[in-house]
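Note sheet for the following structure.
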Amino acid sequence: MRCRHDSRPSPPYTITTQSPCICGSAVPVRRSSRLSTSAPPTDVHAMPPPSPRPAPPSAASHAALQLLERLASGYHLLCQYKCRDALAVFHSLPERQKKTGWVLCQLGRAHFEMVQYAEALQAFELALKIEPHRLCGMELHSTILWHLKREVGLSYLAKRALDFERNSPYACCVVGNCFSLQKEHDTALKFFQRAIQLQPDFAYAYTLSGHEYSANDDFEKATACYRSAIRFDERHYNAWYGLGNIYYRQEKYDFAEQHLQAALKINPSSSPLYCYLGMALHANQKPEQALNMLATAIDLDQKNPLARFQKAQVLLSMDQHELALTELKTLVEMAPKEGSVYQMLGKVYKKLGDHSNAMVNLTRAMDLSPKDAQQIKAAINNLEKEDNAEEEEDL
Numbered sequence: 000m001r002c003r004h005d006s007r008p009s010p011p012y013t014i015t016t017q018s019p020c021i022c023g024s025a026v027p028v029r030r031s032s033r034l035s036t037s038a039p040p041t042d043v044h045a046m047p048p049p050s051p052r053p054a055p056p057s058a059a060s061h062a063a064l065q066l067l068e069r070l071a072s073g074y075h076l077l078c079q080y081k082c083r084d085a086l087a088v089f090h091s092l093p094e095r096q097k098k099t100g101w102v103l104c105q106l107g108r109a110h111f112e113m114v115q116y117a118e119a120l121q122a123f124e125l126a127l128k129i130e131p132h133r134l135c136g137m138e139l140h141s142t143i144l145w146h147l148k149r150e151v152g153l154s155y156l157a158k159r160a161l162d163f164e165r166n167s168p169y170a171c172c173v174v175g176n177c178f179s180l181q182k183e184h185d186t187a188l189k190f191f192q193r194a195i196q197l198q199p200d201f202a203y204a205y206t207l208s209g210h211e212y213s214a215n216d217d218f219e220k221a222t223a224c225y226r227s228a229i230r231f232d233e234r235h236y237n238a239w240y241g242l243g244n245i246y247y248r249q250e251k252y253d254f255a256e257q258h259l260q261a262a263l264k265i266n267p268s269s270s271p272l273y274c275y276l277g278m279a280l281h282a283n284q285k286p287e288q289a290l291n292m293l294a295t296a297i298d299l300d301q302k303n304p305l306a307r308f309q310k311a312q313v314l315l316s317m318d319q320h321e322l323a324l325t326e327l328k329t330l331v332e333m334a335p336k337e338g339s340v341y342q343m344l345g346k347v348y349k350k351l352g353d354h355s356n357a358m359v360n361l362t363r364a365m366d367l368s369p370k371d372a373q374q375i376k377a378a379i380n381n382l383e384k385e386d387n388a389e390e391e392e393d394l
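In terms of numbering that gives the first Met the number 0, the sequence shown opens at residue 0 and continues consecutively.
See below:
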């Protein structure tokens, strides 16, 4: 509050200019800047000693500072996408701190960036249980459910977010992901655009909008969304990947390389980014560099089936059939119901002259991929013609 000036008259004060004599002699002292009344002047030798230095921090405050330092260190590592190091820091926290909503969301985000969706989902679900009304982080939670194709779980999360705060940009992203999983891209776009209206600098909402436009083959609007995301957050590597993917689909492989490399500079620990860059390099007639990128993708994530499949394709194009066969055999164990894997196995066995195994794998591919039946039938017919030709030569 602002003090009013007192209008009452002040009592008569006098300014002391000189202290009385001490020990019988007149000792001059400096002038006092304080108004004094009739109280006797203070002896300079009787002044109290200066106040002591502040006491060192107690054990409790020292522990609090150490805790904040560890939290900041983990978050800094996560922002640099050093996810393994960030996980180590967060797991070193005391159990009571590790079971807080904020820390659990950071753990979930670290696992998400490492494509460990099961562990990430577990962390986000526990965070939701501990702090039911925490909306920040739900957009990643919903993206994980989208990747895992959990329609029921995503629908429940969307309803819960809307019931709590309908006008939250995070809630709108959750609902948008829910509709996106059901292939209702236009409805999903409405919710992502609503999230942007509520928070105009929400880079992730722009990126999700770009993904939906890209799914609708509207590359112009998708590109505009990705560029808007980068304008608000230049370290948003998802948008750089989105632009690279669009250029790859448009067969502009040089631009695809450039944007995917920009994404990797931001997040050098992403197995999918190395995989997509390898695909772009292979399409741009750079098989050796493509193999290096795909090998790095597999080293970062041994369970990345796309990286192994693309590596087998590159090896097949380089006529390294035995190495391609090794990769495909490993891939069959990881994805036993993927028709394209058996189709490529048929091609490799045909190149190796093993027509019997080639026929077995092509037939299996046709059973698993009816949409590619025409192409597979053509391969089987060519294989039968070659077998007949070999039999005629033997006769």
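Think of the CB as a built atom: it goes at the ideal place given N, C-alpha and C, for glycine as much as any other residue. Please read all numbers here as calculations on a predicted model, not as lab measurements.
Which of helix, strand or coil DSSP assigns to residue 405 | Nothing can be reported for residue 405: it is not among the residues displayed for the chain, which extend from 0 to 394.
Measure the alpha-carbon distance for residue 244 versus residue 146 and round it to whole angstroms.
-> Looking at the two C-alpha atoms, the distance is approximately 18 Å.
Indicate whether residue 103 and residue 126 have their beta-carbon atoms separated by less than 9 Å.
-> Less than 9 Å divides the Cβ of residue 103 from the Cβ of residue 126.
Taking Cβ positions, are residue 202 and residue 232 nearer each other than 9 Å?
-> Here residue 202 is near residue 232, since their CB atoms are less than 9 Å apart.
Can the beta-carbon of residue 177 be found closer than 9 Å to that of residue 157?
-> Yes, they are a contact pair.
For residue 59 and residue 259, the rounded distance between their alpha carbons = In this structure, the alpha-carbon of residue 259 lies about 47 Å from that of residue 59.
Please classify residue 168: is it buried, with 16 or more other beta-carbons within 10 angstroms of its beta-carbon, or exposed?
-> Flag for residue 168 reads buried.
Can the beta-carbon of residue 119 be found less than 9 Å from the beta-carbon of residue 108?
-> For the 9 Å CB-CB criterion, residue 119 and residue 108 form a contact.
Through-space distance from residue 148 to residue 190, alpha-carbon basis | Rounded to whole angstroms, residue 190 to residue 148 spans 19 Å at the Cα level.
Return the chain-ordered ranges of every beta strand (DSSP E) run that is complete within the stretch 136-214 and spans a minimum of 3 residues.
-> Counting whole runs of 3 or more residues, the stretch 136-214 contains no beta strand (DSSP E) stretch at all.
Below 8 Å, can you find three or more Cβ-Cβ pairs linking the stretch 274-282 to the stretch 247-257?
-> Segments in contact, yes.
Does DSSP put residue 368 in a helix, in a strand, or in coil?
-> Here residue 368 carries a coil assignment [DSSP, helix/strand/coil].
With a Cβ-Cβ cutoff of 9 Å, do residue 129 and residue 100 count as a contact?
-> When the beta-carbon positions are compared, residue 129 and residue 100 come within less than 9 Å of each other.
Proximal residues to residue 378 (C-beta, below 7 Å), its chain only, five neighbours per side dropped = 345, 361.
If you count every other CB in all the chains shown that lies within 10 Å of the CB of residue 366, and 16 or more means buried, which is it?
-> Only exposed fits residue 366, as fewer than 16 other CB atoms lie within 10 angstroms of its CB.
Closer than 8 Å by C-beta to residue 122: which residues in its own chain qualify, once you throw out the five before and the five after it? Chain order, please.
-> Closer than 8 Å at the Cβ level, and outside the excluded window around residue 122, lie 103, 104, 106, 107, 110.
So, helix, strand or coil for residue 225, using DSSP?
-> Helix, per DSSP.
Could you give the DSSP three-state label for residue 329: helix, strand or coil?
-> Here residue 329 carries a helix assignment [DSSP, helix/strand/coil].
Given a threshold of 16 other Cβ atoms within 10 Å of its Cβ, counted over all protein chains shown, does residue 63 qualify as buried or as exposed?
-> The residue is exposed, with fewer than 16 neighbouring Cβ atoms inside 10 Å.
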